[in-house]
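Residue numbers (our numbering), protein chains in the order written: chain A, 802 to 974; chain B, 69 to 436. Everything below concerns the one structure shown next.
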């Protein structure tokens, strides 16, 4: 191949892309739907304590089921050497299974979303959700109290699937 | 660039450490006109003490820390640690987990090589080659995300298997992506790897001969580009790699072009390996159930795997506690550091980016 033919082919390979589908995700309006294909209830990472195996899912903001949590603080111990982001705090309400009313509080300024706290929970009460938009202007608002973790996050926006297509190029839709 | 001293003909200055292109790393370069006379690499700016950190954390707590040095090859560099801990525990991962590990490690190899390719494109002044691999990398990140749950640091391998099974419908989605991407790789070849500009910048530049490659101890794609057919996946098969057939890409030239083409070929090979692994994957459990803290038996173990940059090695000594007594990490990037001054000497200063990034040196991995 001559010098100029090589240049021409390289240019042509680039120019051809003008006629192809783009695969840009218009993020705040559109979000990538990775885990909805699983047809799971939550789409987040869950762990079965009896079988000691997890379910594939996104490792995002946690969900804490306060009606199951016994305050054993195994999640906080699991986090100790990793991010030190879980603190056990006292809650005003009283619970039958949790006499001391001790629940985990998570500091998302430190959390690395490894999910080993979910693996450590023996009562299936701490899971992760596919919610990841935790950005805030106030550092202190990253500390999520047990009550905040108890509520399932609202997934807003349009979730689009990703389809790689051999002929026209990859696109969302 | 900071002028350190000026003596007669030569000029000594430092490139870095303020992120000259890839990571916090300094090269103290002595030039005579446009030619490099002497180079002193100055690593250590991102040293985190990973080995010492391991000694005060449990075997599981080490996992998120040990995959941080190379976040886009996070499963690849964690692989030998998990194998070494399994040897200490006297267990072996179930067959299904072994194949899932292959898929994850190869996905990470592609993600890592595409990152390298994107930066190599921008180092050689080819902006399109920065945009394309960075965009296509997202396809593989999405696949890895569907398995591991996060974009780059998955913490997915644990002693005794992997943390969760493949998501439903993964195989169809992966095969669609692979067939799309193979077509895309042909376009990469046209616009970059066959581009006369790329050939001029890399052919015959930074030649590392076979003997020098052995003497300086480089590993991985850099070694294979110097005509030595060495791949840990073939030489000492681990995690069911022995059931998978592929050819090790080897080139004789030993220049920047050969190193690039070996990595380019490895993209095809990784797709091929993953296709075979998806076909061969058996049903069954993915993890040996382990409750409570993991305690290794008294003794030592080591494991060697092929990460994206070369041979990754872990040596763990256990005294029977929940924490390892000593962990030694041998990383491939640190080995290419010894070849860097050898290759840079005598070249034009303008060829420095091509040689430096052609070695795929990653400062954070080398510093640990």
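From the three backbone atoms N, C-alpha and C, an ideal C-beta is built for every residue, glycine too. Please read all numbers here as calculations on a predicted model, not as lab measurements.
Find the residues of chain A that neighbour residue i, judging by a C-beta separation of less than 7 Å, and give them in chain order.
i: residue 172/B; result: Result: empty, since nearest Cβ-Cβ is about 12 Å, beyond 7 Å.
i: residue 125/B; result: 882
On a CA-only basis, which of the options is nearest residue i? Give me that one, please.
i: residue 375/B; options: 155/B, 145/B and 138/B; result: 145/B
i: residue 962/A; options: 806/A, 827/A, 807/A and 803/A; result: 827/A
i: residue 65/B; options: 951/A, 807/A and 931/A; result: Residue 65/B cannot be examined here, being either before or after the span of chain B that is shown, 69 to 436.
i: residue 942/A; options: 906/A, 928/A and 956/A; result: 906/A
i: residue 887/A; options: 858/A, 925/A, 952/A and 872/A; result: 872/A
i: residue 45/B; options: 354/B, 430/B, 129/B and 406/B; result: Residue 45/B is absent from the model: chain B starts at 69 and stops at 436.
i: residue 191/B; options: 305/B, 434/B and 426/B; result: 426/B
i: residue 363/B; options: 350/B, 384/B, 237/B and 345/B; result: 384/B
i: residue 913/A; options: 131/B, 430/B, 82/B and 126/B; result: 131/B
i: residue 881/A; options: 411/B, 127/B, 79/B and 432/B; result: 127/B
i: residue 433/B; options: 412/B, 137/B and 96/B; result: 137/B
i: residue 147/B; options: 330/B, 368/B and 177/B; result: 177/B
i: residue 165/B; options: 307/B, 380/B and 210/B; result: 307/B
i: residue 911/A; options: 935/A, 885/A and 824/A; result: 885/A
i: residue 402/B; options: 182/B, 77/B, 115/B and 237/B; result: 115/B
i: residue 229/B; options: 301/B, 80/B and 355/B; result: 355/B
i: residue 80/B; options: 93/B, 87/B and 104/B; result: 104/B
i: residue 326/B; options: 276/B, 341/B, 122/B and 359/B; result: 276/B
i: residue 435/B; options: 142/B, 78/B and 92/B; result: 92/B
i: residue 415/B; options: 270/B, 143/B and 310/B; result: 270/B
i: residue 272/B; options: 142/B, 322/B and 302/B; result: 322/B
i: residue 139/B; options: 252/B, 212/B, 318/B and 304/B; result: 212/B
i: residue 874/A; options: 959/A, 902/A and 814/A; result: 902/A
i: residue 399/B; options: 78/B, 346/B and 286/B; result: 286/B
Taking C-beta pairs closer than 9 Å, name the residues in chain B that residue i reaches, listed in chain order.
i: residue 810/A; result: 258, 259, 262 and 263
i: residue 872/A; result: Simply none; closest approach about 19 Å.
Quick one: list the residues of chain A neighbouring residue i, beta-carbon separation under 9 Å, in chain order.
i: residue 233/B; result: 854, 855, 856 and 857
i: residue 94/B; result: What residue 94/B touches in chain A: nothing, since even the nearest Cβ is about 29 Å away.
i: residue 186/B; result: Correct list: empty, because the minimum Cβ distance to chain A is about 15 Å.
Can you pull the chain B residues whose beta carbon is under 8 Å from the beta carbon of residue i, in chain order?
i: residue 846/A; result: 217 and 232
i: residue 833/A; result: 210
i: residue 928/A; result: Within 8 Å Cβ-Cβ: nothing; residue 928/A doesn't reach chain B, min ~12 Å.
i: residue 961/A; result: In chain order: nothing, as chain B lies at least about 12 Å away.
i: residue 819/A; result: Residues of chain B passing the Cβ test: none, with the nearest at roughly 13 Å.
At a CB-CB cut-off below 7 Å, which residues of chain B make contact with residue i?
i: residue 860/A; result: 217 and 218
i: residue 815/A; result: 196 and 259
i: residue 807/A; result: 262, 263 and 264
i: residue 804/A; result: 264
Against residue i, what residues of chain A qualify as contacts under a CB-to-CB distance less than 8 Å, listed in chain order?
i: residue 328/B; result: Under the 8 Å cutoff, chain A gives no residues; its nearest Cβ is about 15 Å from residue 328/B.
Proximal residues, the region 252-264 of chain B versus chain A, C-beta separation under 8 Å = 255, 258, 259, 260, 262, 263 and 264
For the region 353-412 of chain B, which segments carrying the beta strand (DSSP E) assignment without a break, of at least 3 residues, lie completely within its bounds, in sequence order?
-> Secondary structure within the region 353-412 of chain B: the beta strand (DSSP E) runs of 3 or more consecutive residues, fully enclosed, are 367-375, 378-386 and 394-398 (chain order).
Validate contact between the region 153-172 of chain B and the region 921-935 of chain A using beta carbons, cut 8 Å, 3 pairs | no
Determine, using beta-carbon pairs with one atom in the region 256-266 of chain B and one in the region 193-207 of chain B, whether at least three such pairs fall under 8 Å.
-> Touching, per the Cβ criterion.
Segment contact, 8 Å Cβ cut-off, at least three pairs: the region 364-384 of chain B with the region 135-153 of chain B = yes
Are three or more beta carbon pairs between the region 854-871 of chain A and the region 219-238 of chain B nearer than 8 Å?
-> At 8 Å Cβ cutoff, the stretches touch.
If contact means a Cβ-Cβ distance below 8 Å, which residues of the region 339-362 of chain B contact chain A?
-> 353, 354, 355, 357, 358 and 359
Taking a cut of 7 Å between CB atoms, which residues from the region 129-144 of chain B lie near chain A?
-> 129 and 132
Mind listing which residues of the region 152-171 of chain B have their C-beta closer than 8 Å to chain A's C-betas, in chain order?
-> none
Taking Cβ-Cβ distances below 7 Å as the criterion, which residues of the region 100-121 of chain B are in contact with chain A?
-> none
Give, in chain order, every unbroken run of the beta strand (DSSP E) that is at least 3 residues long and sits entirely within the region 73-125 of chain B.
-> 78-83, 94-100 and 103-110
Could you name each continuous beta strand (DSSP E) segment of 3 residues or more that falls completely within the region 917-946 of chain A, going from the start of the chain to the end?
-> 927-929
At least 3 beta-carbon pairs within less than 8 Å: the region 237-246 of chain B vs the region 288-296 of chain B = Counting Cβ pairs under 8 Å, fewer than three are found: no touch.
Jot down the residue ranges of each uninterrupted alpha helix (DSSP H) in the region 817-901 of chain A, minimum 4 residues, whole runs only, in chain order.
-> 875-880
In chain order, which continuous runs of the alpha helix (DSSP H) of length 4 or greater are located wholly inside the region 283-344 of chain B?
-> 289-292 and 300-303
Alpha helix (DSSP H) runs contained entirely in the region 215-292 of chain B, provided each spans 4 or more residues = Taken in chain order, the unbroken stretches of alpha helix (DSSP H) that lie wholly in the region 215-292 of chain B and span 4 residues or more are 238-256, 264-270, 278-284 and 289-292.
Positions along the region 913-943 of chain A whose CB lies within less than 8 Å of some CB in chain B = From the region 913-943 of chain A, only 913, 914, 915, 916, 917, 920 and 929 have a Cβ closer than 8 Å to chain B.
Kindly confirm or deny that the region 387-396 of chain B and the region 202-215 of chain B touch, where touching means at least three C-beta pairs closer than 8 Å.
-> The region 202-215 of chain B and the region 387-396 of chain B do not touch, with fewer than three beta-carbon pairs separated by less than 8 Å.
Where are the alpha helix (DSSP H) runs, 4 residues long or more, that stay fully inside the region 163-194 of chain B, in chain order?
-> 163-191
Contacting positions in the region 400-415 of chain B - beta carbon closer than 9 Å to chain A | none
Please confirm if the region 413-426 of chain B is in contact with the region 157-164 of chain B, defined as three or more CB-CB distances below 8 Å between the two stretches.
-> no
Cβ contact (3+ pairs, closer than 8 Å) linking the region 862-871 of chain A and the region 939-955 of chain A = Between the region 862-871 of chain A and the region 939-955 of chain A there are three or more inter-stretch CB-CB distances shorter than 8 Å, so the stretches are counted as touching.
Three-pair Cβ contact test at 8 Å for the region 323-340 of chain B versus the region 177-186 of chain B = yes
Check distances from the C-beta atoms of the region 287-298 of chain B to those of chain A and list, in chain order, the residues that come in under 8 Å.
-> none
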